[in-house]
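Per our numbering, residue -6 is the first one in the sequence shown, and the count goes up by one each step.
Heads up, the beta-carbon is just placed ideally off N, CA and C, and yes, glycines get one too.
Accompanying notes for the structure given below.
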Amino acid sequence: MPDLKKLETMTKRFAPVEISADISKLPTREKQALAKLVSAGLIMDSLFLRQVWAGNESMLLDLLKDPTPLGRARLHYFLMNKGPWSRLDNNEAFIPGAPKKPEEANFYPTGASKKEIESWLKGLSAAEHSNAMGFFTAVRYQKNSKPGNYQVVPYNLEYQEELVMAAGLLQEAASLTAQPSLKAYLSKRADAFLSNDYYESDVAWMELDSSIEPTIGPYEVYEDEWFNAKAAFEAFIAIRDDAETKKLSNLSSHLQDIENNLPLDAKYRNPRLGSMAPIRVVNEILASGDGNHGVQTAAFNLPNDERVIREKGAKRVMLKNVQDAKFKIVLVPISKSVLSSRDQGHVSFDAFFTHIIMHELMHGLGPHAIRVGGRDTTVRQELKDTYSTIEEAKADISGLFALQRLIDQGVLGKDLQESIYDTFLSSAFRSIRFGISEAHGRGNALQLNFLLDYGAFLIERDGTFSVNQAKVKDGVMALTRELLTLEAEGNYSKAKDLLSRLGIIRSEIQKVLEKLRDIPVDIEPKFTTAQQLSR
-6 MPDLKKLETM
4 TKRFAPVEIS
14 ADISKLPTRE
24 KQALAKLVSA
34 GLIMDSLFLR
44 QVWAGNESML
54 LDLLKDPTPL
64 GRARLHYFLM
74 NKGPWSRLDN
84 NEAFIPGAPK
94 KPEEANFYPT
104 GASKKEIESW
114 LKGLSAAEHS
124 NAMGFFTAVR
134 YQKNSKPGNY
144 QVVPYNLEYQ
154 EELVMAAGLL
164 QEAASLTAQP
174 SLKAYLSKRA
184 DAFLSNDYYE
194 SDVAWMELDS
204 SIEPTIGPYE
214 VYEDEWFNAK
224 AAFEAFIAIR
234 DDAETKKLSN
244 LSSHLQDIEN
254 NLPLDAKYRN
264 PRLGSMAPIR
274 VVNEILASGD
284 GNHGVQTAAF
294 NLPNDERVIR
304 EKGAKRVMLK
314 NVQDAKFKIV
324 LVPISKSVLS
334 SRDQGHVSFD
344 AFFTHIIMHE
354 LMHGLGPHAI
364 RVGGRDTTVR
374 QELKDTYSTI
384 EEAKADISGL
394 FALQRLIDQG
404 VLGKDLQESI
414 YDTFLSSAFR
424 SIRFGISEAH
434 GRGNALQLNF
444 LLDYGAFLIE
454 RDGTFSVNQA
464 KVKDGVMALT
474 RELLTLEAEG
484 NYSKAKDLLS
494 RLGIIRSEIQ
504 KVLEKLRDIP
514 VDIEPKFTTA
524 QQLSR
């Protein structure tokens, strides 16, 4: 177990940063609604703790009782990681008594094996299987039954107490706001917490057009390392940046053209994307639950429900104040160590910000609903535990492909031509430092190794890296084609092989990572505006 000095060193990899937003122009009742949303968002922290591990709550209570410097340091890092495992260190435990981080989290019965759950699933009807593997259900032992008998418990029952509280706060916020679309979303999301039916509130979230931009509920499936099936609770409470949102809104109109020209067999392309693909640039006030552990989210693309994506598309939310902090504190120093001297000057916030946008947009493009062996299924279901990493890598690399197309068409300025590749190369090292047990980190290792093997990226004599402008476009297209085709075919074995070969940290990359030890890996947000609202 790490001692006090070691634990403080581990914690210092996250640079404390004040995250705030200007709410001075909001009317009084809107500020009051915002305060209710902050309170509801904080409930997502306790829910997520329970979802990560059944023992998290009791361990937290024990840590709160320890007043020693080591006890305080353990509590601090526990809260940052939402559990006793250091997410930057391949989920190694840093608190005595903590078991190995459970791959199944707390979504499945404690003590049951993956094989036992898979065997049980095979005996279910199609409808029962869909419910058991649904986003918003947990699997538990049947009470007073023999081992091997399981039941499906909807989230509104599993987390009833917290969700009733959160629903009440959302209804109070809805009664305070004068913004119709915000009122509709909050009311429907409150209903969803109680009914476990999230469809109507997801649609209302897609249609949200207000100065306050809340995202709250169960969304991402990263914690479920068995099946990538169960959604974890999170919240992002933010204020819309109207000027930046307006700048980017025209990108949505080019998505169908990008889809039509993906380097993918035409039979796998979607001739009619969902009708809505809004982009929102916001400044974050609070992130909680799955949205605030370890490395901070810079942007997200939701909802994940394929039914909503098919009918309405998806919304991309860019957390500008978070991205700005990451760029200044982490990426710029990394670029000065990683890139060759001639490439360092090409790194720009505009390229960093725009690629993150395209990454989120590309989550909505490419294969989602597919046919494998004559049956209808989804990419998520077929790729199973490899899905999150493959999908993150696909969004990254196809985002570069899409940016290049938009530059070639004159939609984006030619000044991005060189900077997108050098900025991406630097950012790949930034993401790999998250650890390859995490989807984004391993996905970036896959991309970096592929592009090095292709000759699109080069290693200089002094150990720095550079972009081969003669090969980088073709390399990006080749990897985009490979990942999109893998998803379209639902090829699990190929995904496993690709990750075993390329989702690793090679020695030449490890050497560079060693040079970055004194640079923060990410930020530790201090939500000053949220704290003011909570007083």
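**W113, DSSP secondary structure in three states** = helix
**Request:** Sort V310, N263 and I251 by Cα distance to P271 and report the nearest one.
**Result:** V310
**Prompt:** In terms of alpha-carbon separation, which member of F293, K319 and D369 lies closest to D389?
**Reply:** F293
**Prompt:** Are the segment 499 to 516 and the segment 323 to 335 touching by the rule of at least three beta carbon pairs closer than 8 angstroms?
**Reply:** yes
**Asked** E277 by DSSP, collapsed to three states: which one?
**Response** Here E277 carries a strand assignment [DSSP, helix/strand/coil].
**Asked** Would you call the CB atoms of L169 and A183 closer than 7 angstroms?
**Response** Inclusion of L169 and A183 in the CB contact set at 7 angstroms is not warranted, their separation being larger than that value.
**Item:** Residue closest to E299, alpha-carbon to alpha-carbon, out of D195, K377 and H348
**Value:** D195
**Prompt:** For the putative contact between A344 and Q316, defined by C-beta atoms under 8 angstroms, what is the C-beta separation to the nearest angstrom?
**Reply:** A344 to Q316, Cβ: 12 angstroms. No contact.
**Request:** Determine, using beta carbons only, whether M158 and P89 come nearer to each other than 7 angstroms.
**Result:** Against a cut-off of 7 angstroms, the Cβ pair of P89 and M158 comes out as no contact.
**Asked** Contact between the segment 215 to 226 and the segment 125 to 134: three or more CB pairs below 8 angstroms?
**Response** yes
**Request:** Compute the distance between the beta-carbons of S391 and T473, then report whether it is under 7 angstroms.
**Result:** yes
**Nearest candidate by alpha-carbon position, reference H339, set G306, S459 and R262** = S459
**Item:** Cutoff 7 angstroms; reference E453; Cβ partners in own chain excluding five residues on either side
**Value:** Cβ neighbours of E453 beyond the five flanking positions: S333 and S459.
**Prompt:** Hey, is the segment 62 to 76 in contact with the segment 40 to 54, meaning 3+ C-beta pairs nearer than 8 angstroms?
**Reply:** yes
**Message:** Nearest by alpha-carbon distance to H352: which of R426, I251 and D234 is it?
**Reply:** I251
**Message:** Based on DSSP bridge pairs, tell me the residues matched to Y134.
**Reply:** Y143
**Message:** Within the continuous alpha helix (DSSP H) that includes M311, where are the two ends?
**Reply:** If you look at M311, you'll find it isn't in any alpha helix (DSSP H); it sits in the beta strand (DSSP E) that goes K308 to L312.
**Per-residue DSSP class, three states only, for P20** = Judged by DSSP in its simplified three-state form, P20 adopts coil rather than helix or strand.
**Asked** In the structure shown, what three-state DSSP assignment does I588 receive?
**Response** The structure shown does not extend to residue 588, since the chain spans only -6 to 528, so no value can be given for it.
**Asked** Under a Cβ-count criterion, where at least 16 other Cβ atoms within 10 Å of its own Cβ denotes burial, should P264 be classed as buried or exposed?
**Response** exposed
**Item:** Helix, strand or coil at I12 according to DSSP, with G and I counted as helix
**Value:** strand
**Asked** Would you say A362 and V31 are within 7 angstroms of each other, going by their C-beta atoms?
**Response** no
**Message:** Please confirm whether S51 has its beta-carbon closer than 7 angstroms to some beta-carbon of chain D.
**Reply:** The question asks about chain D, but that chain is absent: this structure has only one protein chain.
**Asked** Does the separation of the CB atoms of A318 and V514 fall below 7 angstroms?
**Response** No. Outside cutoff.
**Prompt:** Can you tell which of I516, M52 and K305 has its C-alpha closest to the C-alpha of K5?
**Reply:** I516
**Message:** With a threshold of 8 angstroms, are at least 3 pairs of Cβ atoms found where one atom belongs to the segment 435 to 451 and the other to the segment 412 to 424?
**Reply:** yes
**Item:** Assigned exposure category for R364 - 16 Cβ within 10 Å defines buried
**Value:** It counts as exposed.
**Prompt:** Would DSSP call F229 helix, strand or coil?
**Reply:** strand
**Item:** F520 and I12 closer than 7 angstroms at C-beta
**Value:** yes
**Message:** I need the boundaries of the alpha helix (DSSP H) containing E206, first residue and last residue.
**Reply:** No alpha helix (DSSP H) holds E206; the beta strand (DSSP E) holding it covers I205 to P211.
**Request:** Between the Cα of Q374 and those of E23, E111 and L(-3), spot the shortest distance and give me the residue it belongs to.
**Result:** Of the listed residues, the one whose Cα sits closest to Q374 is E111.
**Asked** Name the DSSP beta bridge partners of L295, please?
**Response** K308
**Item:** Residue from G116, E154, P60 and A105 whose Cα sits closest to the Cα of V132
**Value:** A105
**Asked** Below 7 angstroms between beta carbons: does that hold for G574 and F229?
**Response** Residue 574 lies beyond the range of the chain shown here (-6 to 528); nothing can be said about it.
**Request:** Determine the closest residue to A166 out of F7, D490, S527 and E23, with distance taken between C-alpha atoms.
**Result:** E23
**Message:** Let me make sure I understand the geometry here. Which of E227, P296 and D(-4) has the alpha-carbon closest to that of R65?
**Reply:** D(-4)
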